[in-house]
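> This is the structure I want to talk about, given as structure tokens.
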Ligand code: NDP
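Numbering (the working numbering), first residue to last: 201 to 495.
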């Protein structure tokens, strides 16, 4: 399937992890940015850690952006050196190919400042998330709030900004929310389940209904909204949630295909949902689960 996103502008959240120089596991968001860029799209790459954006810019061999505007406005304009302090900032729009935006999406006001004036976006991938591990009985308000703010509230906020722009311009669009198979299913008999699923799973369950509700309301404007729901993918996050001794092996054996998903498998499904190849699909989710839900 050859995809061509030439002439379109995409925004991908959680675009940071997987620095190739460190041979770190590629994150789903970062790989999505690279795939969209390779298919001709201009991409706004949003993440929390500036150094990841610096390495991403190097990796896709583009001229790094020379000017940054900081939010909250502090008057700081610095070169893209990789040594900047972690403040929220947005790249000025003259940067070619990839526009890096560094912001904590769990902070509503900072997100509004960083992305409120982001301009036309045709394709949105809500991928940023945290997997904060706590058993139910020890769960704290702070961890619960952080999980929902990053994993759910930011999807609402960023999608609102992008969808308003699409509606005002009268153009169609496609939004993909990166959810998880834990939106639908627990890991019975595996003790790590509770620690991963209380926060991560409940936020992803919320994403299922948010996806449907957004699809309902935005459909008349020709804006499609779908999710992808992967099983474990061995990114930094995937390694963390499956780190307990014996857990990964036991869980993998429950998958009919006897494997987890690869980053590329998830990215291919995201690209399919973003593209016109899925023109009649909305409010839906693609399981990338190596058959787990059939087991
Ligand atoms: P990674 O940890 O590799 O990437 C997550 C990205 O999100 C990082 O770049 C991270 O930046 C960014 N991010 C996290 N919090 C914020 C924030 N507050 N503001 C801005 N950016 C933020 O994870 P994956 O690639 O594995 O996960 C991508 C998506 O896939 C997530 O939605 C995850 O829930 C989902 N998923 C992953 C699975 C897996 O096993 N890996 C399984 C099922 C679903 P930083 O590190 O700087 O905070």
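Positions of the beta carbon are idealized from the N, C-alpha and C atoms, including for glycine.
What do you reckon, is the C-beta of residue 430 under 8 angstroms from a heavy atom of the ligand NDP?
Numbered from 1 along the chain shown, position 230 holds the residue referred to as residue 430. Indeed, a heavy atom of the ligand NDP lies less than 8 angstroms from the Cβ.
> May I ask you to check if the CB of residue 252 is nearer than 8 angstroms to at least one heavy atom of the ligand NDP?
In the chain shown, counting from the first residue as 1, residue 252 sits at position 52. Residue 252 Cβ: within cutoff of the ligand NDP.
> Mind checking residue 373: buried by the 16 CB within 10 Å criterion, or exposed?
By 1-based counting over the chain shown, the position of residue 373 is 173. Buried.
> Apart from the five residues just before and just after residue 328, which ones in its own chain have a Cβ nearer than 6 angstroms to its Cβ?
One-based indexing of the chain shown puts residue 328 at position 128. Contacts found: 213, 214 and 305.
> Measuring straight from C-alpha to C-alpha, what distance separates residue 488 and residue 381?
Counted from its first residue, the chain shown places residue 488 at position 288. Counted from its first residue, the chain shown places residue 381 at position 181. Answer to the nearest angstrom: the Cα atoms are 8 angstroms apart.
> With DSSP collapsed to three states, give me the class of residue 423.
Along the chain shown, read from residue 1 onward, the residue named residue 423 stands at position 223. Residue state, collapsed to three classes: strand.
> For the alpha helix (DSSP H) that contains residue 343, what are its first and last residues?
For this step, residue 343 is matched to residue 143 along the chain shown. Start and end: 341-348.
> According to DSSP, is residue 491 part of a helix, a strand, or is it coil?
Working through the chain shown from its first residue, we reach residue 491 at position 291. Coil, per DSSP.
> Counting beta carbon pairs with one atom in the region 349-356 and one in the region 235-245, are three or more of them shorter than 8 angstroms?
The region 235-245 vs the region 349-356: no contact.
> Write down the C-beta distance between residue 483 and residue 416 rounded to the nearest angstrom, noting that I regard them as a contact closer than 8 angstroms.
Counting from 1 along the chain shown, the entry for residue 483 is found at position 283. Counting from 1 along the chain shown, the entry for residue 416 is found at position 216. Confirmed, Cβ separation roughly 7 angstroms.
> Can you give me the Cβ contacts of residue 490 inside the same chain, cut-off strictly under 8 angstroms, excluding the 5 residues immediately before and after it?
Position 290 of the chain shown, counted from the start, is the residue given in the question as residue 490. Contacts found: 431, 455, 456, 457, 458, 459, 460 and 461.
> May I have the straight-line CA-CA distance separating residue 451 from residue 339, to the nearest angstrom?
Position 251 of the chain shown, counting from 1, holds the residue named residue 451. Position 139 of the chain shown, counting from 1, holds the residue named residue 339. If I take the Cα positions, the gap works out to 24 angstroms.
> May I ask whether a heavy atom of the ligand NDP can be found less than 8 angstroms away from the beta carbon of residue 406?
By one-based count along the chain shown, residue 406 stands at place 206. Residue 406 Cβ: outside cutoff for every heavy atom of the ligand NDP.
> Looking at the ligand NDP, does it come within less than 8 angstroms of residue 382, judged from the CB to the closest heavy atom?
For this step, residue 382 is matched to residue 182 along the chain shown. At least one heavy atom of the ligand NDP is nearer than 8 angstroms to the Cβ of residue 382, so yes.
> Given a threshold of 16 other Cβ atoms within 10 Å of its Cβ, counted over all protein chains shown, does residue 217 qualify as buried or as exposed?
Reading the chain shown from its first residue, position 17 is the one you call residue 217. By the neighbour-count rule (16 or more Cβ atoms within 10 Å), residue 217 is buried.
> Around the C-beta of residue 369, are 16 or more other C-beta atoms found within 10 angstroms, so that it is buried, or is it exposed?
For the purposes of this step, residue 369 is taken as residue 169 along the chain shown, with counting starting at 1. Label assigned to residue 369: exposed.
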